[in-house]
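In this note's numbering, the protein residues as written are 2 to 546.
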């Protein structure tokens, strides 16, 4: 069996020996070649740390298993003055690494020389010179015992721009998204780091994924960028079935909804949403929403929406919305728009009701932030923030009254580890007006609001809902969660202010048909006792195709 060799390295004095010892070199080796390599490696390390005048004495064999090497470190140079040509590198680039910059040279710690050259080489390459080479020459020590060197830059060729972009895999990827969403354009200065960062923005698109990192083909007179993208299934079908016991008849009642979203079916990046909802309170809602980004290749998109709501034979409301939006970055959009609302009272006797015919118009501004995670298909949206402000007026009975409306939603998933997470969602709305009508109030409650209450059974001029879930992943396809919801409600018409609570459990199962979710929750107001017959069970299925 071969015997290991021991290596001991000392300095020319006790101080140098202590410095060498602190470098933690490898003392045990399998053969003599490994010993020599370790000595070379150590000498390289002490040189880079500023001992440029070091020298190695002969390697001495003390016995069959131990070798001794002696290194004279000499003086340590803490800093280096590097001289440069102004026509080769800008002071802005140098300021990224040091504040000690002068007219013709800059000063850095000597041990940062290698990192500095690597950084400057990358910075110059990202300015359109990908084949740049840097080195230090004329290294010398002046009379003041200061080490200096000259920076030599060889760009190799003229500045390169991006000549062509080629998409592989999803050849019909919308060109407007290359230019506006990814912000990658031909003729721009070639910068591979910026391109990689921009392509990562695909993670926030519903309809496309990056297959592998981008690649570049350099020829003598052109630079071609290859993007590897695949089209993702992004259409969704979402529906649920709810049932509960009618408190008056003690009969089982059913309710549900259908939510269909069609995304990018025409390879334009467009989306179409259809929503139909009906519940046991004889409420019916129909909504259609069309989102068209980057109209005619411009940075501006448009969103159109029609919303029809009917409450049994009491009233119906039609809300038409038109917005223009601008995509600030991959996660953020800002909107401006106009809402036109018309509501009609369907009752014959209106003397004892707060329901009236009215028309309202609002000028709106909206902020929309969404952070998606492609590696989590069960919960693809990690963070979301939507805030919309509306300023306008309402007309009824020949009166014109100014109103302000605020609607907001915020949610975030806190991942504790691979299997445990906490989900928080906060949403609310406010209608500020001198007088209120019942048919303009916000309606909330149910599976997408405070659970444990009938769908849209709660009416408010102002409300806020906090949903919380502790989620535990049982497997890649099954998770369970708690339900703890809280809401505050203010209804100025009925002079009601109250807090609402909901507690329950739920689970989700990923099946071939989609994500099946089950929720069981019991809701109560602060002055009520918990009753089992007030519990609500909600089933929903979300399919992606």
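Each residue gets a CB set at the ideal place from its N, CA and C atoms; glycine is no exception.
Unbroken beta strand (DSSP E) run spanning residue i, endpoints
i, result
"residue 224", "224-232"
"residue 432", "421-433"
"residue 444", "443-445"
"residue 207", "No beta strand (DSSP E) holds residue 207; DSSP gives it neither H nor E."
"residue 391", "382-397"
"residue 110", "106-110"
"residue 329", "Note, residue 329: premise wrong, no beta strand (DSSP E); not H, not E."
"residue 543", "536-545"
"residue 487", "479-492"
"residue 502", "497-511"
"residue 437", "From DSSP, residue 437 is part of no beta strand (DSSP E); its letter is neither H nor E."
"residue 161", "Neither: residue 161 is in no beta strand (DSSP E) and is coded neither H nor E."
"residue 520", "516-526"
"residue 400", "400-416"
Near the ligand ZN: residue i beta-carbon under 6 Å from a heavy atom
i, result
"residue 191", "Judged by which ligands are present, the structure shown has none, so any question about the ligand ZN falls away."
Own chain residues within Cβ distance below 8 Å of residue i, not counting five before or after
i, result
"residue 160", "128, 129, 130, 190"
"residue 301", "295, 325, 326, 327"
"residue 557", "Only positions 2 to 546 of the chain appear in this structure, which leaves residue 557 out of reach."
"residue 36", "6, 8, 30, 60, 68"
Spatial neighbours of residue i in its chain, beta-carbon cut-off 6 Å, leaving aside the 5 residues before and after
i, result
"residue 94", "124"
"residue 387", "369, 410"
"residue 259", "240, 277"
"residue 342", "320, 361"
"residue 270", "175, 178, 294"
"residue 463", "431, 491"
"residue 181", "295, 300"
"residue 228", "168, 215"
"residue 108", "80, 82, 101"
"residue 212", "170, 229, 231"
Host alpha helix (DSSP H) of residue i (start-end)
i, result
"residue 117", "114-126"
"residue 18", "15-22"
"residue 194", "193-200"
Own chain partners of residue i with C-beta closer than 7 Å, once the 5 adjacent residues on each side are dropped
i, result
"residue 475", "481"
"residue 174", "168, 209, 230"
"residue 519", "507, 508, 540"
"residue 143", "149"
"residue 390", "365, 366, 407"
"residue 122", "133, 135"
Nearest-angstrom beta carbon gap, residue j and residue i [assumed within contact, 8 Å]
i, j, result
"residue 429", "residue 382", "Incorrect: roughly 19 Å between the Cβ atoms, too far for contact."
"residue 372", "residue 340", "Between residue 340 and residue 372 the Cβ distance is about 27 Å, and since that is not below 8 Å, they are no contact."
"residue 331", "residue 205", "4 Å"
"residue 522", "residue 537", "6 Å"
"residue 282", "residue 314", "About 13 Å; that fails the 8 Å criterion."
"residue 98", "residue 117", "6 Å"
"residue 6", "residue 30", "5 Å"
"residue 418", "residue 357", "Not really, about 55 Å apart at Cβ, beyond 8 Å."
"residue 137", "residue 83", "7 Å"
"residue 111", "residue 78", "5 Å"
"residue 236", "residue 275", "With 8 Å as the limit, residue 236 and residue 275 do not qualify as a contact, their Cβ atoms being about 11 Å apart."
Where residue i falls, given that 16 or more other Cβ within 10 Å makes a residue buried
i, result
"residue 486", "buried"
"residue 157", "exposed"
"residue 298", "exposed"
"residue 529", "exposed"
"residue 414", "buried"
"residue 203", "buried"
"residue 400", "exposed"
"residue 33", "exposed"
"residue 312", "buried"
Minimum Cβ-Cβ distance from residue i to chain D less than 7 Å
i, result
"residue 458", "Of the protein chains in the structure, only one exists, and it is not chain D."
(request) Counting only runs of 3+ residues fully inside the stretch 38-95, write out the beta strand (DSSP E) ranges in chain order. (result) 67-73, 80-84
(message) Give the list of continuous beta strand (DSSP E) stretches no shorter than 3 residues that lie fully inside the stretch 251-320.
(response) 253-264, 272-279, 284-293, 301-312
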